[in-house]
Structure formats: structure tokens, C-alpha cells
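> Using this note's numbering, the first residue of the sequence shown is number 1, and each one after it goes up by one.
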Amino acid sequence: MYVIMGGTGHVGSAVAQVLLGRGEQVTIVTRDANRAGAWRTKGAEIAEANVDDVASLRAALRRGRRAFLLNPPADTTTDTDVVERRTVANILAALEGSGLEKVVAESTGGAQPGDRIGDLSVLWELEEGLRRQSIPAAINRAAYYMSNWDSLLDVVRSRGKLPTMYAADLAIPMAAPHDLGLVAAQRLMSSLNDTGVRYVEGPERYSSADVAKAFSKALGRPVEVDVTPRDKWKEAYRGLGFSEAAADSYARMAAVSVDSAFDMPRDALRGPTTLEAYIRDLVAAS
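The structure is reproduced here in C-alpha cells:
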């Protein structure tokens, strides 16, 4: 049995779908069983657990031999760093006494120690915690999710402009959530010796200009890149409804990523989904 955290989200659902497609037994962990009803029809079991309740999460993990771990994103109206650090600590605590033989954790490219730099430091703490415990752990450092562009579809369609904080010509690693899920599923099923950090990205690296071009082709209309100046990043996040603390963390995370030229090793595992195909399917589904 494989236990999947985040099974109702982009990557977790992809992990579960791959495993079910290969005839494996899967348990979806969710805080609300009503949200996961569709998984029952696909043959999965449901374990209701709350990441803020270590005992319930440990009980869910004990239902399987191997587990996919994903720290849930905090509500951006809260202090996201504080909330997500707490849930990382809870996940690590729940592993104690879980009886698992292996875990695969979703991390992020550029994970590093630091103060108030969002996922970069929060997921570094998850990585470090996994290194300190006894269960063999495989860690996937994921590239920038192509799904991060999903929420901009309506803006792009109505205004013909793609808002972005990245320079139009800055190429960065990106990956489709399904490809990230596929790699995670493969590492879940691999030997106990398949541990440690691997980077995962798409078939090539893309810029904001490439994203605009993909939207333009899919929508059949011109799309321009609308770059937000660096000194306006925090203000832009606040305009999206982020709390003061969350806006500060996200802006600092973006700055660290840009200044360090992102985290782009040559030996990354590469998924097959191109940006053009991802945007095309996004537009078609809308």
C-alpha cells in the first residue's frame, strides 16, 4: 500500500493516478474525505487526517509501506512561513512510529537555509529533518510548476498581457505537475537504495517570453510580457490578497531565486511535457 499526501492537488493526484494505473494499492490522505470521493471510484482508499494533528497523520501513514510526502501550502492570508514550518515539523513527527519502509518527499529547486524565503527554507527544513531520521528518504527538488501560470489564464485572455516577476528572456527550469508525479511514483516503487536528492524539470528551460508565446498560440491572439519591477514585487503580492508577512516571504523567495540564477544542475531528471503542450491543454480545458 502506498500512502499519498496531497492527493487532491496537482502533484499528489498525479502520483496516485500513476500508481493506480499500475495496479498498486493507494491510500489518499485528506483532511476532508468528502473532497476525495472521486478517488474511491478509481479504487483508492481514503484516510482522513489533519496535518495539524500528528496522531491522525501518523495513523494514516501507518496504513502503508511507502508514502509520498508533500507539505501543504499555507493560506496566503496567513504568515505562510510560520504555518508551513509548523506543518513540516508535524510531518516529521508523524513519521516516528509510522512503520514506513521508504518515503518520497516533494521539495523545491533552490532549497537552502535562510530566513523568510518561503519554500526555499521551509522545504530545506523538511529535507534536513528527513536526513536525520531513519526511514530511507528520496527527495525530489522540483522545478517551477507550469501550473503556477494557470491562474493567469483569464488575465491573459482578457488583457493580452502576461504578468510576471521574471525578465522576459530569463530562462528557468519548469515542469508539468504530471511529470513531477510520475517521477515521484517511480521513486516510490524503486529500491530502498534509491534515496537522496534528485532534481526534476521539463524537457527544456523556458522564459516568460516563451510562456507568452505559448498562450498566444493556444488563444490565437497576441500576448505581451508585462514584467513587474523588482521594487513592486511585494506590492503585487499584497494586491493578490497576500498578508504582509506572506507577501514579504514570497517576494524575498523570488529575489533569491533570480539572484542565484535558480538551481539548475545538469543531471536533472526530465519529464516529457513541453510548456507549449501544457498551455495548450490548459486553454482547451477552460
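Note that CB positions come from ideal geometry on N, CA and C, so glycine has one too.
Which residue spans inside the region 1 to 33 form an unbroken beta strand (DSSP E) run of at least 3?
Qualifying beta strand (DSSP E) stretches, in chain order: 2 to 5, 26 to 30.
> Apart from the five residues on each side of it in sequence, which residues of its chain come closer than 8 Å, Cβ to Cβ, to Gly57?
Gly is not the amino acid found at residue 57; the sequence shown has Leu there. Within the same chain, Leu57 has close Cβ partners Val29, Ala49, Asn50, Val51, Asn90, Ile91, Ala94.
> Is Ala171 closer than 8 Å to Val227 when the C-beta atoms are compared?
Result no, Cβ atoms of Val227 and Ala171 do not sit closer than 8 Å.
> Return the Cβ separation of Tyr206 and Leu269 in integer angstroms, given the expectation that the two are a contact with Cβ distance under 8 Å.
Incorrect: roughly 17 Å between the Cβ atoms, too far for contact.
> Look at Ile135 and Lys102 and say whether their C-beta atoms are less than 8 Å apart.
The answer is yes: Cβ separation under 8 Å.
> Give me the Cα-Cα distance between Pro272 and Arg280, rounded to the nearest whole angstrom.
C-alpha separation (whole angstroms): 15 Å.
> If you follow the beta strand (DSSP E) that Asp226 is in, where does it begin and where does it stop?
Here the beta strand (DSSP E) through Asp226 covers 224 to 227.
> Out of Arg86, Pro229, Val104, Gly6, state which residue places its alpha-carbon closest to the alpha-carbon of Val258.
Taking only the C-alpha atoms, the option nearest Val258 is Pro229.
> Have a look at Arg141 and Lys217 and give me their C-alpha separation to the nearest angstrom.
Roughly 30 Å separates the two Cα atoms.
> Can you tell me which of Met1, Ala143, Pro163 puts its alpha carbon nearest to the alpha carbon of Ala60?
Selected option, being the one with the closest Cα: Met1.
> Run through DSSP, which three-state label would Ile172 get?
Reduced to three states, the DSSP call for Ile172 is strand.
> Counting C-beta neighbours from all protein chains within 10 Å, is the total for Gln133 16 or more, i.e. buried, or is it exposed?
Classification of Gln133: exposed, given that the 10 Å Cβ count is below 16.
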